[in-house]
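Residue numbering for the sequence shown follows the numbering used here, beginning at 108 and increasing consecutively. Encoded as structure tokens, the structure appears first; notes follow it.
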Amino acid sequence: MKLVWWMGTAAVASSVAVAALPGVESDREVLLGMLAPLVGATATAVLVERTWAARPEALTPLMIAAFGAKLVFFGAYVTVALKVLTVRPLPFVVSFTTYFIGLHLVEALWLQQLFARKEDVR
108 MKLVWWMGTA AVASSVAVAA LPGVESDREV LLGMLAPLVG ATATAVLVER TWAARPEALT
168 PLMIAAFGAK LVFFGAYVTV ALKVLTVRPL PFVVSFTTYF IGLHLVEALW LQQLFARKED
228 VR
């Protein structure tokens, strides 16, 4: 799946690039801030693509369930990162928010293309 490969490559490469910047001592926070949004976005993309190919009518219930699961997952992840792993809050939250928005934007644009392809077939 091209989307997962592109999202993973871009996310990992950008977090490595940020960590390599001189004077940046928050490489752990940037990596941990990137990890959960990447896992959430790629898992959803894989599930959506498989469901869309097999049973497009099942996509809406899947997306609702995925939203609920991600809500719980992200809440637990942020809590564990801040309370258990004791990451520095500001770099972690900035990284998490940036990757969350960026990866979900990519996913939304991909969904738009996926649905447009279905409309072109009709």
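Note that CB positions come from ideal geometry on N, CA and C, so glycine has one too.
Given a threshold of 16 other Cβ atoms within 10 Å of its Cβ, counted over all protein chains shown, does residue i qualify as buried or as exposed?
{"i": "Glu164", "result": "exposed"}
{"i": "Ala160", "result": "exposed"}
{"i": "Met141", "result": "buried"}
{"i": "Phe222", "result": "exposed"}
{"i": "Ala118", "result": "buried"}
Taking the alpha-carbon positions, what's the residue i to residue j distance?
{"i": "Ala148", "j": "Tyr206", "result": "10 Å"}
{"i": "Leu192", "j": "Val185", "result": "10 Å"}
{"i": "Leu231", "j": "Ala188", "result": "Here the chain has residues from 108 to 229 only, and residue 231 is not among them."}
Pick helix, strand or coil for residue i, following the three-state DSSP scheme.
{"i": "Thr158", "result": "helix"}
{"i": "Ala210", "result": "In the sequence under discussion, the amino acid at residue 210 is Leu, which differs from the Ala named in the question. Looking at Leu210 - three-state DSSP - the assignment turns out to be helix."}
{"i": "Thr167", "result": "helix"}
Just confirm the distance between the C-beta atoms of residue i and residue j, as a whole number of angstroms; I'd bet it's less than 8 Å.
{"i": "Pro144", "j": "Leu210", "result": "5 Å"}
Count Cβ pairs between the region 141-160 and the region 210-218 that sit closer than 8 Å; are there 3 or more? Proximity of the region 141-160 to the region 210-218 meets the contact definition, three or more beta-carbon pairs being nearer than 8 Å.
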